[in-house]
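There are 2 protein chains.
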Amino acid sequence: MTTARKYNVEVLFTGVPKKSDFKIVEETLRAIKDGEFLAEAVWLSVDPYMRGAVNSSTIGNTMIGEQVAKVIESKNGNFKVGDYVAGMFGWRTKTISNGDRVRKLDRSIYTDDKLSTALGILGMPGATAYLAFLDICAPKEGETLVVTGAAGAVGSAVGQIAKIKGCRVVGFAGSDEKVQYLKSLGFDEAINYKTMGSLKETLEKTCPKGIDMFFDNVGGEFYDTIIPQMNKSGRVTIVGAISQYNLENPEKGTRVNRSILGKELTVKGFVVYSHLPRWPEAFKTMGEWIDKGQLKYNETVTEGFDNMFDAFAGLFSGKNLGKAVVKA
Amino acid sequence: MTTARKYNVEVLFTGVPKKSDFKIVEETLRAIKDGEFLAEAVWLSVDPYMRGAVNSSTIGNTMIGEQVAKVIESKNGNFKVGDYVAGMFGWRTKTISNGDRVRKLDRSIYTDDKLSTALGILGMPGATAYLAFLDICAPKEGETLVVTGAAGAVGSAVGQIAKIKGCRVVGFAGSDEKVQYLKSLGFDEAINYKTMGSLKETLEKTCPKGIDMFFDNVGGEFYDTIIPQMNKSGRVTIVGAISQYNLENPEKGTRVNRSILGKELTVKGFVVYSHLPRWPEAFKTMGEWIDKGQLKYNETVTEGFDNMFDAFAGLFSGKNLGKAVVKA
Chain A
7 MTTARKYNVE
17 VLFTGVPKKS
27 DFKIVEETLR
37 AIKDGEFLAE
47 AVWLSVDPYM
57 RGAVNSSTIG
67 NTMIGEQVAK
77 VIESKNGNFK
87 VGDYVAGMFG
97 WRTKTISNGD
107 RVRKLDRSIY
117 TDDKLSTALG
127 ILGMPGATAY
137 LAFLDICAPK
147 EGETLVVTGA
157 AGAVGSAVGQ
167 IAKIKGCRVV
177 GFAGSDEKVQ
187 YLKSLGFDEA
197 INYKTMGSLK
207 ETLEKTCPKG
217 IDMFFDNVGG
227 EFYDTIIPQM
237 NKSGRVTIVG
247 AISQYNLENP
257 EKGTRVNRSI
267 LGKELTVKGF
277 VVYSHLPRWP
287 EAFKTMGEWI
297 DKGQLKYNET
307 VTEGFDNMFD
317 AFAGLFSGKN
327 LGKAVVKA
Chain S
7 MTTARKYNVE
17 VLFTGVPKKS
27 DFKIVEETLR
37 AIKDGEFLAE
47 AVWLSVDPYM
57 RGAVNSSTIG
67 NTMIGEQVAK
77 VIESKNGNFK
87 VGDYVAGMFG
97 WRTKTISNGD
107 RVRKLDRSIY
117 TDDKLSTALG
127 ILGMPGATAY
137 LAFLDICAPK
147 EGETLVVTGA
157 AGAVGSAVGQ
167 IAKIKGCRVV
177 GFAGSDEKVQ
187 YLKSLGFDEA
197 INYKTMGSLK
207 ETLEKTCPKG
217 IDMFFDNVGG
227 EFYDTIIPQM
237 NKSGRVTIVG
247 AISQYNLENP
257 EKGTRVNRSI
267 LGKELTVKGF
277 VVYSHLPRWP
287 EAFKTMGEWI
297 DKGQLKYNET
307 VTEGFDNMFD
317 AFAGLFSGKN
327 LGKAVVKA
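Chains A and S supply the protein sequences, listed in that same order.
Here the first sequence is numbered in the numbering used here, starting from 7 and rising by one per residue.
Here the second sequence is numbered in the numbering used here, starting from 7 and rising by one per residue.
Right under this line is the structure:
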């Protein structure tokens, strides 16, 4: 008889999620059926989007999330014992899956020391950075990009991809350590928004030719302030809104629709799971950039399944550099 | 010696423009040079966008705007005496032009009784409706469109084009008379927003399958409320924001970027003068629809150059049905 441990969300989050909102429970797993396999978590992901995925209809459910897992039992010909997979199994140690929407990891790319990248630079955040930025921002050489949440898994990749494409890159992050990290990645300007003073003036100073592209992980005041300072025909990609996730009520901000009109901007939301068939295209190119040293990444590792909540809370306290992952 | 009369903007508008912000002045025109022609206004346009085009740097200038004019003197081979043209000549009775950005009107289309349509359904507003709606909203049969400012020159055309494309059309306007007009044009639902009560509930009731497309002339609360009720992959066209033009300070509204993200919306601003080469394509198709009786239009006519201000003020008091024009 196999037992799994998992995090159930017991209490609807109000504001920043609390440890007591979760309960770690044991679950006895049934035997696997034909077509199924049993996988054991090796790396688990915590991501900002998870905050918004919990609502009154999901209370009592296992917390959602992706993980890298090792197949330990199988009645599915496509997934053999010893294979490694990435799947949306949730915050749990063992999972029965039929292989639907599961990526089998190519071990020539995802070697032992790089398994966790399947949750980061060569996973969901990497695909988001690559596809959302290139599709929607459609960068042209010499253009200026502003990235918020720039030191995160997505933002740090977007800035580097923009540099590869010959753009000027201005990134905002929440600590001096992150600013140093962004400069080490080649960002033209990196700004600690907590100490910068006026955002409007900072933009004027760091974007002397205006802003052609805005890649937004944060929303809120950044969104309100950057949109009116964009150049004609600018492109805005929204992939996150971390400043808003923990609000009890939707916040008000200065309306920007007149700027969208007058500057003929394009503003688009992007959810990477709507573009699954194109992930391999992203990973192929990004893998080449990594091999050439053009694309760097960082991971903030938390040890232990029992510390998943702390890793999750770290997303909102701004302590992570690059991708936050948990080693099971 | 030729004399023109024109409206100068003497005072920067605050709130709704006032008659005393303008001054009608006489101007003595010089003789035309080679390559130029002199044209006399026949029809003048008043449009909401004009409100936003006045700023501190344009004070003292002639009020901008398009007009249909008759060539009365010419030293330009392309524009002969007796030709009719449409051009951005401003609020003035006579104009010297070198023909740059001037449309010579094809008199087989713009017959004597249809000259004013060069400012409306077969002019800037018509091109806006056709190009912005088809380009950005990209309608598919069976989808639902919401139009604000629906009884105006642009909105009334957009709704009818959407009906031609097989869509469900819900229009918002500011009087029962306008609602009746929209129903006569074939709108599936027409709503007087001044008496409807809750916008959110009205949308839920009139858009049972959600909102796929939103064509916005108004902005403000409409924008804030409609965006979160849109369907996945919805398209939003912003061509105006009349609710905002007369505000002294930018208004705050509930932030909608999380809805743009989660629903993967596309929001685009559209300025029709950036698409001048495509206007003839729009007029050709719309002319055919008019001939077949599929596309109707209305004009609210004010008589007399001296009453231009009243026609302009009518845009903001909501008294016009369809395109507002002034007969010189």
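Heads up, the beta-carbon is just placed ideally off N, CA and C, and yes, glycines get one too.
Item to check | The beta strand (DSSP E) enclosing alanine 182/A, as first and last residue numbers | outcome: The residue you call residue 182/A lines up with position 176 of the first sequence. The residue you asked about is not alanine; residue 182/A is aspartate in the sequence shown. No beta strand (DSSP E) holds aspartate 182/A; the alpha helix (DSSP H) holding it covers 182-190.
Next on the checklist: The alpha helix (DSSP H) that contains asparagine 263/A, what's its start and end?
Outcome noted: The sequence position of residue 263/A within the first sequence is 257, counting from 1. Note, asparagine 263/A: alpha helix (DSSP H), 263-268.
Checklist entry - What first and last residue would you give for the alpha helix (DSSP H) that runs through tryptophan 49/S? => result Position 43 of the second sequence, counted from the first residue, corresponds to residue 49/S. Unbroken run through tryptophan 49/S is the beta strand (DSSP E), 43-51; no alpha helix (DSSP H).
Checklist entry - Can a CB atom of chain S be found closer than 8 Å to the CB of lysine 258/A? => result As a first step, residue 258/A is located in the first sequence; it is residue number 252 there, counting from the start. With 8 Å as the cut-off, lysine 258/A counts as an interface residue toward chain S.
Item to check | Beta-carbon neighbours of serine 204/S, restricted to chain A and to distances below 8 Å | outcome: Here residue 204/S is taken as the residue at index 198 of the second sequence, counted from 1. Neighbours of serine 204/S on chain A: none; closest Cβ ~17 Å, over 8 Å.
Checklist entry - Applying the criterion that 16 or more other CB atoms from any shown protein chain within 10 Å of the CB defines a buried residue, is methionine 292/A buried or exposed? => result Here residue 292/A corresponds to residue number 286 of the first sequence, with the count starting at 1. Methionine 292/A is buried by the Cβ-count criterion.
Checklist entry - Which bits of chain A does asparagine 61/S rub up against, with CB to CB less than 7 Å? => result Here residue 61/S refers to the residue found at position 55 when the second sequence is read from its first residue. Chain A residues near asparagine 61/S: none, gap ~12 Å exceeds 7 Å.
Next on the checklist: If the criterion is Cβ atoms closer than 8 Å, does the pair tyrosine 136/S and leucine 111/S meet it?
Outcome noted: Taking the second sequence and counting its residues from 1, one reaches residue 136/S at position 130. Taking the second sequence and counting its residues from 1, one reaches residue 111/S at position 105. No; because the gap between Cβ atoms is not below 8 Å, this pair is not in contact.
Checklist entry - Is any beta-carbon of chain S found at less than 8 Å from that of lysine 274/A? => result Locating residue 274/A in the first sequence gives position 268, where the first residue counts as 1. At least one chain S Cβ lies under 8 Å of lysine 274/A.
Item to check | Through-space distance from glycine 21/A to proline 286/A, alpha-carbon basis | outcome: Counted from its first residue, the first sequence places residue 286/A at position 280. Counted from its first residue, the first sequence places residue 21/A at position 15. Answer to the nearest angstrom: the Cα atoms are 36 Å apart.
Item to check | Reference arginine 57/S, options Ile38/S, Lys76/S, Val17/S, Asn198/S, closest by Cα | outcome: Looking up residue 57/S in the second sequence gives position 51. Checked all of Ile38/S, Lys76/S, Val17/S, Asn198/S; the closest Cα to arginine 57/S is Val17/S.
Next on the checklist: Is it buried or exposed, glutamate 207/A, if we count other Cβ atoms within 10 angstroms and call 16 or more buried?
Outcome noted: The sequence position of residue 207/A within the first sequence is 201, counting from 1. That one is exposed.
Checklist entry - So which of Thr8/S, Arg264/S, Asp27/S has the shortest CA-CA distance to glycine 225/A? => result As a first step, residue 225/A must be located in the first sequence, where it is residue number 219. Per the Cα distances, Arg264/S.
Checklist entry - If we count Cβ pairs, one from each stretch, closer than 8 Å, do we get three or more for the stretch 154-163 of chain S versus the stretch 79-95 of chain S? => result no
Next on the checklist: Please tell me whether serine 51/S and valine 331/S are closer than 8 Å, where the distance is taken between their beta carbons.
Outcome noted: Locating residue 51/S in the second sequence gives position 45, counting from the first residue. Locating residue 331/S in the second sequence gives position 325, counting from the first residue. Yes, these two residues count as a Cβ contact at 8 Å.
Next on the checklist: Rounded to whole angstroms, what is the Cα-Cα separation between threonine 212/S and valine 176/S?
Outcome noted: Residue 212/S sits at position 206 when you count from the first residue of the second sequence. Residue 176/S sits at position 170 when you count from the first residue of the second sequence. Rounded to whole angstroms, threonine 212/S to valine 176/S spans 7 Å at the Cα level.
Checklist entry - Distance, Cα to Cα, asparagine 67/S vs asparagine 14/S? => result Taking the first residue of the second sequence as 1, we reach residue 67/S at position 61. Taking the first residue of the second sequence as 1, we reach residue 14/S at position 8. Between asparagine 67/S and asparagine 14/S, the C-alpha separation is close to 5 Å.
Next on the checklist: On the DSSP letters alone, give me the boundaries of the beta strand (DSSP E) that tyrosine 90/A sits inside.
Outcome noted: Looking up residue 90/A in the first sequence gives position 84. Where tyrosine 90/A is concerned, the enclosing beta strand (DSSP E) stretches over 90-93.
Checklist entry - Mind pulling the chain A residues with CB within less than 8 Å of isoleucine 244/S? => result Position 238 of the second sequence holds residue 244/S. In chain order: Asn263, Ile266, Leu267.
Checklist entry - Do we get a CB-CB distance below 8 Å when we pair tyrosine 229/S with the residues of chain A? => result To locate residue 229/S, count along the second sequence from 1; it is residue 223. Closer than 8 Å: yes.
Item to check | Helix, strand or coil at threonine 123/A according to DSSP, with G and I counted as helix | outcome: To locate residue 123/A, count along the first sequence from 1; it is residue 117. Helix at threonine 123/A.
Item to check | Ranges of the alpha helix (DSSP H) found wholly within the stretch 195-253 of chain S, counting only runs of at least 4 | outcome: 205-212, 227-232
Checklist entry - Can the beta-carbon of phenylalanine 193/A be found less than 8 Å from the beta-carbon of valine 164/A? => result Locating residue 193/A in the first sequence gives position 187, counting from the first residue. Locating residue 164/A in the first sequence gives position 158, counting from the first residue. Their beta carbons are not under 8 Å apart, which means phenylalanine 193/A does not touch valine 164/A by this criterion.
Item to check | Proximal residues, the stretch 144-172 of chain S versus chain A, C-beta separation under 9 Å | outcome: none
Item to check | Option in Ile65/S, Ser26/S, Gly320/S with minimal Cα separation from isoleucine 248/S | outcome: As a position in the second sequence, residue 248/S is number 242, starting the count at 1. Closest by alpha carbon: Gly320/S.
Checklist entry - Leaving out the 5 sequence neighbours to the left and right, which residues in its chain are closer than 7 Å to asparagine 223/S when beta-carbon positions are compared? => result To locate residue 223/S, count along the second sequence from 1; it is residue 217. Excluding positions up to five away in sequence, the list reads Thr154, Gly155, Gly158, Val160, Gly161, Val245, Gly246, Ile248.
Checklist entry - Residue range of the beta strand (DSSP E) that phenylalanine 85/S falls in? => result Here residue 85/S is taken as the residue at index 79 of the second sequence, counted from 1. Counting along the chain, phenylalanine 85/S falls outside any beta strand (DSSP E), and DSSP gives it neither H nor E.
Checklist entry - Looking only at its own chain, which residues have a Cβ that is under 7 Å from the Cβ of glutamate 79/S, when we skip the five neighbours before and after it? => result For the purposes of this step, residue 79/S is identified with residue 73 of the second sequence, where counting begins at 1. Counting only Cβ-Cβ distances below 7 Å, and skipping sequence neighbours, we find Ile38, Phe43, Leu44, Val87.
Next on the checklist: Could you pull the DSSP bridge partners for arginine 98/S from this structure?
Outcome noted: Numbered from its first residue, the second sequence carries residue 98/S at position 92. DSSP, once it has assigned bridges, lists Lys12/S as partnering arginine 98/S.
Checklist entry - Could one say the Cβ of glutamate 270/A lies closer than 8 Å to chain S's Cβ atoms, at least one of them? => result The residue given as residue 270/A occupies position 264 in the first sequence. For glutamate 270/A, the answer is yes, since a Cβ of chain S falls inside 8 Å of its Cβ.
Checklist entry - With C-beta atoms as the reference, is alanine 75/S less than 8 Å away from glutamate 46/S? => result Position 69 of the second sequence, counted from the start, is the residue given in the question as residue 75/S. Position 40 of the second sequence, counted from the start, is the residue given in the question as residue 46/S. Cβ distance < 8 Å, so alanine 75/S and glutamate 46/S count as in contact.
Checklist entry - What beta strand (DSSP E) runs, 3 residues minimum, are completely inside the stretch 136-163 of chain S? => result 150-153
Item to check | Contacting positions in the stretch 122-137 of chain A - beta carbon closer than 7 Å to chain S | outcome: none
Next on the checklist: So with CB distances below 9 Å, who are the chain A contacts of glutamine 250/S?
Outcome noted: If you number the second sequence from 1, residue 250/S lands on position 244. Correct list: Arg261, Asn263, Arg264.
Next on the checklist: So that I know if they touch, is there some Cβ in chain A lying closer than 8 Å to that of alanine 247/S?
Outcome noted: The count along the second sequence starts at 1 and reaches residue 247/S at position 241. By this cut-off, alanine 247/S is an interface position.
Checklist entry - Who are the near neighbours of aspartate 27/A in its chain, counting only those whose CB is closer than 7 Å to its CB and skipping five residues on each side? => result As a working note, residue 27/A is residue 21 in the first sequence. So the qualifying residues of the chain are Val15, Glu16, Val17, Phe19.
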